[in-house]
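Beneath this line is the structure, given in structure tokens, with notes to follow.
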């Protein structure tokens, strides 16, 4: 008999759960490389909790505002709101548009996702090439590769709150906006 490893069952089940017919109707959503779930969470709960997070990651990669509107609750709150960014859904929409203008080939990978209760933690990696303009700095094709971590509170299948931290120092160094 194999020993039970917390999270392992969910990680094995998730591959089939995430590719289930219910998700097949979605546009191709980003799938986490690693998924860790509280051992008491059912595959159906995992799918419900991660769907909004996968839509949101895909929104960042694609810039498709419809995905953000599907992922975020109508009263969405950014709990780590950067200065100058509007609260609510309009904040991420504006940020994505500006970031895609700077890095048109922006990619987003979910390196790992953790599900526990009404929380989903996503560890993300963003990649691309800085060929646009960001805060007055014109890109020269520099490679962009940095991480971010988001903590989402999911309510009624949507992200109601987000606490996030991006490695902005690495990004700004990569685009030569600040010295290394």
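Numbering (our numbering), first residue to last: 235 to 414. Even for Gly, the Cβ is constructed at its ideal location relative to N, Cα and C. Please read these numbers as outputs of a predicted model, since none were measured by experiment.
If distances are taken between C-alpha atoms only, which option among 394, 377, 327, 378 comes closest to residue 385?
For this step, residue 385 is matched to residue 151 along the chain shown. With distances taken between CA atoms, residue 385 lies nearest to 394 out of 394, 377, 327, 378.
Go ahead and pull the three-state DSSP assignment for residue 398.
Your numbering for residue 398 matches position 164 in the chain shown. In the structure shown, residue 398 sits in a strand (DSSP, three-state: E or B).
By a C-beta neighbour count over all protein chains shown, 10 Å radius and 16 as the cutoff for buried, is residue 362 buried or exposed?
Counting from 1 along the chain shown, the entry for residue 362 is found at position 128. By the C-beta density criterion, residue 362 is buried, having at least 16 other C-beta atoms within 10 angstroms.
Identify the continuous beta strand (DSSP E) that holds residue 334 and give its terminal residues.
As a first step, residue 334 is located in the chain shown; it is residue number 100 there, counting from the start. Note, residue 334: premise wrong, no beta strand (DSSP E); alpha helix (DSSP H) at 324-336.
Under 7 Å, do residue 354 and residue 287 count as touching if we go by C-beta distance?
As a first step, residue 354 must be located in the chain shown, where it is residue number 120. As a first step, residue 287 must be located in the chain shown, where it is residue number 53. It is a contact, given that the beta carbons lie within the stated cut-off.
Rounded to the nearest angstrom, what separates residue 408 and residue 376 at their Cα positions?
Numbered from 1 along the chain shown, position 174 holds the residue referred to as residue 408. Numbered from 1 along the chain shown, position 142 holds the residue referred to as residue 376. One C-alpha to the other measures close to 7 Å.
Who does residue 386 pair with in a DSSP beta bridge?
As a position in the chain shown, residue 386 is number 152, starting the count at 1. Answer is 354, 396, bridged to residue 386.
Local conformation of residue 305 per DSSP, three classes
By 1-based counting over the chain shown, the position of residue 305 is 71. DSSP places residue 305 in helix when its eight states are reduced to three.
CB of residue 268 within 7 Å of CB of residue 346, strictly
In the chain shown, counting from the first residue as 1, residue 268 sits at position 34. In the chain shown, counting from the first residue as 1, residue 346 sits at position 112. Result yes, Cβ atoms of residue 268 and residue 346 sit closer than 7 Å.
Quick one: what's residue 264 bridged to in DSSP?
For the purposes of this step, residue 264 is taken as residue 30 along the chain shown, with counting starting at 1. Answer is none; residue 264 lacks a bridge partner.
Three or more C-beta pairs under 8 Å: does that hold for the segment 368-375 against the segment 302-310?
A contact between stretches requires three or more CB pairs, one per stretch, nearer than 8 Å, and the segment 368-375 fails this requirement with the segment 302-310.
Assigned secondary structure, residue 348 (DSSP; H/G/I helix, E/B strand, else coil):
By one-based count along the chain shown, residue 348 stands at place 114. Taken through DSSP and simplified to helix, strand or coil, residue 348 comes out as strand.
Quick check: what's the CA-CA separation for residue 339 versus residue 297?
Numbered from its first residue, the chain shown carries residue 339 at position 105. Numbered from its first residue, the chain shown carries residue 297 at position 63. Using only the alpha carbons, I get a separation of about 10 Å.
C-alpha gap between residue 337 and residue 368, whole angstroms:
In the chain shown, counting from the first residue as 1, residue 337 sits at position 103. In the chain shown, counting from the first residue as 1, residue 368 sits at position 134. Residue 337 and residue 368 have their alpha carbons spaced roughly 9 Å apart.
According to DSSP, is residue 289 helix, strand or coil?
As a position in the chain shown, residue 289 is number 55, starting the count at 1. Three-state DSSP puts residue 289 in a helix.
Whose C-alpha, out of 334, 400, 309, is nearest the C-alpha of residue 324?
Counting from one through the chain shown, the residue named residue 324 turns up at place 90. Nearest in C-alpha terms to residue 324, of all of 334, 400, 309, is 309.
Thinking C-beta only, is residue 342 closer than 7 Å to residue 397?
Stepping through the chain shown from its first residue, residue 397 is reached at position 163. Stepping through the chain shown from its first residue, residue 342 is reached at position 108. Taking 7 Å as the Cβ cut-off, residue 397 and residue 342 do not qualify as a contacting pair.
Nearest by alpha-carbon distance to residue 291: which of 413, 278, 262 is it?
Sequence index remark: in the chain shown, residue 291 carries index 57 (1-based). Comparing Cα positions, the closest option is 262.
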